[in-house]
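Those protein sequence lines, which keep their order, are chains A and B. With UniProt numbering, letter number 171 in the first sequence gets 171, and the count goes up by one each step, no holes. With UniProt numbering, letter number 171 in the second sequence gets 171, and the count goes up by one each step, no holes. C-beta: ideal position from N, C-alpha, C; glycine also. Quick caveat: nothing in here was measured; it's all calculated off a predicted structure.
There are 2 protein chains.
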Amino acid sequence: MARSGAEPIRRAAIVKATIQEIGRAGSLDVTVAQIAARAGVSAALAHHYFGSKEAIFVAAFRHVLIVYGAEVRGALALASTPRERLEAVVRASFSPSSFRRDTISAWLNFYVLAQTMPEARRLLSIYHRRLRSNLCHALRPLVGARAGRVADGIGALIDGVYLRQALSPAAPDRAAATALVLDHVSREIDA
Amino acid sequence: MARSGAEPIRRAAIVKATIQEIGRAGSLDVTVAQIAARAGVSAALAHHYFGSKEAIFVAAFRHVLIVYGAEVRGALALASTPRERLEAVVRASFSPSSFRRDTISAWLNFYVLAQTMPEARRLLSIYHRRLRSNLCHALRPLVGARAGRVADGIGALIDGVYLRQALSPAAPDRAAATALVLDHVSREIDA
DNA sequence: AATGATTGATTGATGCGTCAATCAAGAACC
DNA sequence: GGTTCTTGATTGACGCATCAATCAATCATT
């Protein structure tokens with residue numbers, strides 16, 4: 001079965017399998033063989049398309065960021081007031097496509113990966129800057145010069161909720177997570 | 001007996017070396033040989049005392065929790081009002097003995113370990129329960145029934161600050177971290 | 001036939017855990 | 001006070017398993 005144009009399908013399957021496998025294992029201790037098996041291909045093919053295990057991880061990470069970025073952009077497009085923009089960013093952070101068991105576990109492990117792999121760190125830094133920029137933009141009209149500090153608090157809180165969800169045996173509760181962060185936001189801007 | 005009483009010294013050295021080595025590597029991908037070398041002993045001796053690599057990790061984790069627990073207890077002993085107790089818990093979380101580069105990195109990696117190792121998960125759950133209990137006890141007189149939710153927010157924020165510090169190339173800034181969390185606390189209880 | 005897709009087999013490296021052997025500091029005994 | 005016995009401390013070497021990466025061969029499509 002050497003269908004022409006299989007490459008993008010295979011790549012996508014391998015990326016998806018990587019996230020699922022990291023989620024299942026709860027760590028980066030997954031073999032290329034396991035990833036490939038879940039994607040329905042051989043380990044050799046994974047190497048053929050990505051070149052190395054590191055590259056597979058980076059591609060998976062990038063995919064998570066792309067999905068999240070799209071979610072944020074979509075939500076922001078519907079917001080008109082600063083307050084709505086704030087809500088949009090927070091809600092996007094806990095959207096069904098991102099706040100999922102395997103993706104949450106992958107996030108946590110990408111934080112670890114970022115400590116070792118410059119490319120992973122770079123990607124994570126980009127995410128941080130984007131988030132901070134989005135939050136600051138929405139916060140400036142509401143809290144003025146405090147925007148920077150408030151954005152840092154919101155960012156840390158979102159990350160913390162993710163971290164704790166990774167440990168919890170319970171299924172992710174989007175509503176509760178969103179409410180917790182939005183409550184914090186309210187208190188920061190209403191005072 | 002040869003060099004009577006070497007065991008506790010060796011155990012402590014190996015535990016300390018484990019934390020440092022995890023901090024250096026930024027991941028759990030450290031070999032027993034590396035840990036042992038840093039501790040100034042052979043890999044075989046580490047196995048002799050701990051039995052397995054997993055057990056070494058657990059001992060290191062337990063040590064981090066013990067140090068942190070002592071810090072909290074010490075700070076709480078000096079506090080008399082609920083407000084002071086809150087501050088004590090937060091300040092202890094960012095005390096110099098816990099909010100250090102290698103320990104922060106170890107924390108992050110223990111979160112990952114907890115996803116795989118039941119014993120690590122158990123220890124982390126104990127820490128979470130203790131923190132929540134301490135916070136709730138101090139919060140109840142201040143915010144009544146909201147104590148539980150407020151404690152969850154503070155806990156997530158502390159974890160988030162740790163997570164972000166793990167990624168930051170800058171040296172840990174205790175003052176800034178403490179201020180950020182205490183500011184959040186103020187807004188939660190003053191409203 | 002040519003080209004891309006795909007894989008099984010292989011390899012080289014790495015690391016955990018084990019084991020037999022050695023070392024050194026006391027204890028027991030004369 | 002010296003000799004021998006005992007026992008914990010300590011290690012080097014190695015077996016065994018695992019895994020990333022490579023390669024040559026096969027298969028399907030055009």
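Whole angstroms is fine: what's the gap from residue i's alpha carbon to residue j's?
{"i": "A2/B", "j": "A114/A", "result": "Note that A2/B has pLDDT 47, beneath the 50 cutoff, so the model's placement of it is unreliable and no number is given."}
{"i": "A177/B", "j": "V161/B", "result": "7 Å"}
{"i": "R11/B", "j": "N109/B", "result": "21 Å"}
{"i": "I14/B", "j": "S97/B", "result": "18 Å"}
{"i": "A79/B", "j": "R91/B", "result": "12 Å"}
{"i": "Q165/A", "j": "H48/A", "result": "35 Å"}
{"i": "A175/B", "j": "D152/B", "result": "22 Å"}
{"i": "L167/B", "j": "Y111/A", "result": "7 Å"}
{"i": "E7/B", "j": "L45/B", "result": "10 Å"}
{"i": "H63/A", "j": "L76/A", "result": "20 Å"}
{"i": "S125/B", "j": "R149/A", "result": "30 Å"}
{"i": "L163/B", "j": "D159/A", "result": "7 Å"}
{"i": "I154/B", "j": "I189/B", "result": "12 Å"}
{"i": "V72/A", "j": "F57/A", "result": "23 Å"}
{"i": "R122/B", "j": "R129/B", "result": "11 Å"}
{"i": "I9/B", "j": "K16/B", "result": "11 Å"}
{"i": "V185/B", "j": "R187/A", "result": "10 Å"}
{"i": "R83/B", "j": "G74/A", "result": "42 Å"}
{"i": "R146/B", "j": "R85/B", "result": "17 Å"}
{"i": "G5/A", "j": "A59/A", "result": "19 Å"}
{"i": "residue 193/A", "j": "A70/A", "result": "Missing from the structure shown is residue 193/A; chain A here goes from 1 to 191 and no further."}
{"i": "Q20/B", "j": "A33/B", "result": "14 Å"}
{"i": "S95/A", "j": "T31/A", "result": "29 Å"}
{"i": "L65/B", "j": "L65/A", "result": "33 Å"}
{"i": "L131/B", "j": "T81/A", "result": "38 Å"}
{"i": "R101/A", "j": "R101/B", "result": "29 Å"}
Whose CA, out of the options, lies closest to the CA of residue i?
{"i": "V89/A", "options": "C136/A, D190/A, Q34/A, E54/A", "result": "C136/A"}
{"i": "A156/A", "options": "D173/B, A147/B, L180/B", "result": "L180/B"}
{"i": "D173/A", "options": "S186/A, R132/A, P118/A, S93/A", "result": "S93/A"}
{"i": "R127/B", "options": "Y68/B, V58/B, D190/B", "result": "It should be noted that the sequence gives Tyr, not Arg, for residue 127/B. With distances taken between Cα atoms, Y127/B lies closest to Y68/B."}
{"i": "A170/A", "options": "R187/A, L182/A, I154/A, F99/A", "result": "F99/A"}
{"i": "M117/B", "options": "F61/B, P82/B, I9/B", "result": "F61/B"}
{"i": "A43/A", "options": "T18/A, L65/A, I66/A", "result": "T18/A"}
{"i": "E119/B", "options": "P82/B, E84/B, E54/B, G74/B", "result": "E54/B"}
{"i": "D183/A", "options": "E87/A, G74/A, L131/A, S95/A", "result": "E87/A"}
Run the proximity test for residue i: is its beta-carbon closer than 7 Å to any non-hydrogen atom belonging to the ligand SAM?
{"i": "R100/A", "result": "Absence of the ligand SAM from the depicted structure is noted, as is the absence of any ligand whatsoever, leaving it without description."}
Whole alpha helix (DSSP H) runs in the region 80-112 of chain A with 4 or more residues, listed along the chain?
82-93
Output needed in chain order: residues of the region 95-113 of chain A with a Cβ under 7 Å from some Cβ in chain B.
S105, L108, N109, Y111, V112
Which runs of the alpha helix (DSSP H), 4 residues or longer, sit entirely within the UniProt domain "HTH tetR-type" (8-68) of chain B?
With a minimum length of 4 residues, the continuous alpha helix (DSSP H) runs that stay inside the UniProt domain "HTH tetR-type" (8-68) of chain B are 32-39, 43-50.
Given a limit of 8 Å on CB to CB distance, which residues of the region 130-161 of chain A reach chain B?
R149, D152, G153, G155, A156, L157, I158, D159, G160, V161
Going along the region 72-97 of chain A in order, which residues come within less than 9 Å of chain B, judged by CB to CB distance?
none
Three CB pairs or more closer than 8 Å across the region 47-66 of chain A and the region 138-146 of chain A
no
Using Cβ-Cβ distances below 9 Å, what residues of the UniProt domain "HTH tetR-type" (8-68) of chain B are close to chain A?
If the cut-off is 9 Å between Cβ atoms, the UniProt domain "HTH tetR-type" (8-68) of chain B has A25, G26, S27, L28, D29 near chain A.
Would you call the region 97-107 of chain B in contact with the region 18-30 of chain B, where contact means no fewer than 3 C-beta pairs closer than 8 Å?
yes
Do the region 33-42 of chain A and the region 16-25 of chain A touch if we need at least three Cβ pairs shorter than 8 Å?
yes
When Cβ atoms are compared, which residues of the region 168-189 of chain B fall closer than 8 Å to chain A?
L180, D183, H184, R187, E188
Residues of the region 117-130 of chain B with a CB closer than 9 Å to any CB of chain A: list them in chain order, please.
R121, L124, S125, H128
Quick one: which unbroken alpha helix (DSSP H) runs of 4-plus residues sit fully inside the region 117-152 of chain B? Chain order, please.
If only uninterrupted alpha helix (DSSP H) runs of at least 4 residues are considered, those enclosed by the region 117-152 of chain B are 118-143.
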